Amino acid sequence: GEDVEQSLFLSVREGDSSVINCTYTDSSSTYLYWYKQEPGAGLQLLTYIFSNMDMKQDQRLTVLLNKKDKHLSLRIADTQTGDSAIYFCAEKGYALNFGKGTSLLVTP
Amino acid sequence: KAGVTQTPRYLIKTRGQQVTLSCSPISGHRSVSWYQQTPGQGLQFLFEYFSETQRNKGNFPGRFSGRQFSNSRSEMNVSTLELGDSALYLCASSLGMTGIIYEQYFGPGTRLTVT
Chain X
82 GEDVEQSLFL
92 SVREGDSSVI
102 NCTYTDSSST
112 YLYWYKQEPG
122 AGLQLLTYIF
132 SNMDMKQDQR
142 LTVLLNKKDK
152 HLSLRIADTQ
162 TGDSAIYFCA
172 EKGYALNFGK
182 GTSLLVTP
Chain P
31 KAGVTQTPRY
41 LIKTRGQQVT
51 LSCSPISGHR
61 SVSWYQQTPG
71 QGLQFLFEYF
81 SETQRNKGNF
91 PGRFSGRQFS
101 NSRSEMNVST
111 LELGDSALYL
121 CASSLGMTGI
131 IYEQYFGPGT
141 RLTVT
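Chains as they are written, first to last, in my numbering: chain X, 82 to 189; chain P, 31 to 145.
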C-alpha cells in the first residue's frame, strides 16, 4: 500500500520553532495524529486533528491540515531540548497507519 | 488513571521458541491493538481486539495470534520465532466505540530479541 511520508531528520536550535511535515495517503481519513517517542519508550499521543478542521492549536503545538494536498504539519513553538524525540504522524484507517518518523534534534 | 501496561518489558528468546506478551489497557478501554516496530519497517499493525473478538487484522503470518479476556486484558503470541521477529511490540488501548473521538494510547512496549 501507499506510505505515509515524513522527512527523516530535523535539527533546530533551542528557542526556535520546529516544523515537522507529513504527507498522508487516505483522503477519507477522519482523524490525523501526531505521536512522540522518546528513546526506550512507547508512543505518546501529542495531538490530533479532525479532517474537517484546517488548524488546531494546543499550547506550544500547532497542527495545520491541507486536505487538498494531503499534507499535515506540526509546529512546535519555543522548542526545548526536552522536545528531542522521534515524531510520528498517523492517519486512521481501520488501524493507525504511521509514517516512519522524524527525528528531531534540539541543540542548545 | 493508570496507563497502558505491558509485560514483560524485555525478552530474549531463541529461534523456534514461542513467546507470549501481555497488555493491560487503560481502565474502561475495551479495544486493544498491537503493533510491531522495527527500524526497517517502522510501525506495523498486527491486530485489534474489542470485547474479546478480533475486529481487525494486519498483514502478518498466522504465527502471530492474540486474544482478549473479559477484563479487556490482551495477550499476543508468536510461535516458531524467527530472527526477523526481533522488534518492539507495542500495545495500544482505546475506548473502541464508533461515533466517538478515536484516541489510542500506547504502552511502553515489550522489546523482544530473538537469537
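Every residue, glycine too, gets a C-beta built ideally from N, C-alpha and C.
Only a predicted model underlies this, so the values are computations on that prediction, with no experimental measurement involved.
Segment contact: the segment 62-77 of chain P against the segment 94-110 of chain P, three or more CB-CB distances shorter than 8 Å; contact assigned. Each of X:MET134, X:ILE157 and X:ASP159 was checked against the Cα of X:ASN147, and the nearest Cα belongs to X:MET134. The DSSP assignment places 136-139, 142-147, 152-157, 166-173 and 177-179 as complete runs of the beta strand (DSSP E) inside the segment 127-182 of chain X, in order along the chain (cut-off: 3 residues). Distances from the CA of X:ILE167 to each of X:ARG141, X:THR104 and X:LEU124 were compared; the closest alpha carbon is that of X:LEU124.
Annotation for P:ALA117: the continuous beta strand (DSSP E) segment containing it runs 117-124. For X:LYS181, the nearest beta carbon of chain P is closer than 9 Å to its own beta carbon.
Cβ contact annotation for X:TYR114 (same chain, cutoff 6 Å, sequence separation greater than five): TYR129 and ALA171, in chain order.
Using a Cβ-Cβ cut-off of 9 Å, P:PHE75 counts as an interface residue toward chain X, since at least one Cβ of chain X sits closer than that to its own. The closest CA to that of P:GLY137, considering only P:THR143, P:PRO55 and P:SER102, is found on P:PRO55. Below 8 Å, too few C-beta pairs join the segment 44-54 of chain P and the segment 139-159 of chain X to call them touching: fewer than three.
In its chain, beyond the 5 residues on either side, SER92, ARG94 and GLU95 have a beta carbon closer than 7 Å to the beta carbon of X:THR188. For P:GLY126 against P:ARG60, the beta-carbon gap comes to about 5 Å, under 8 Å, which counts as contact.
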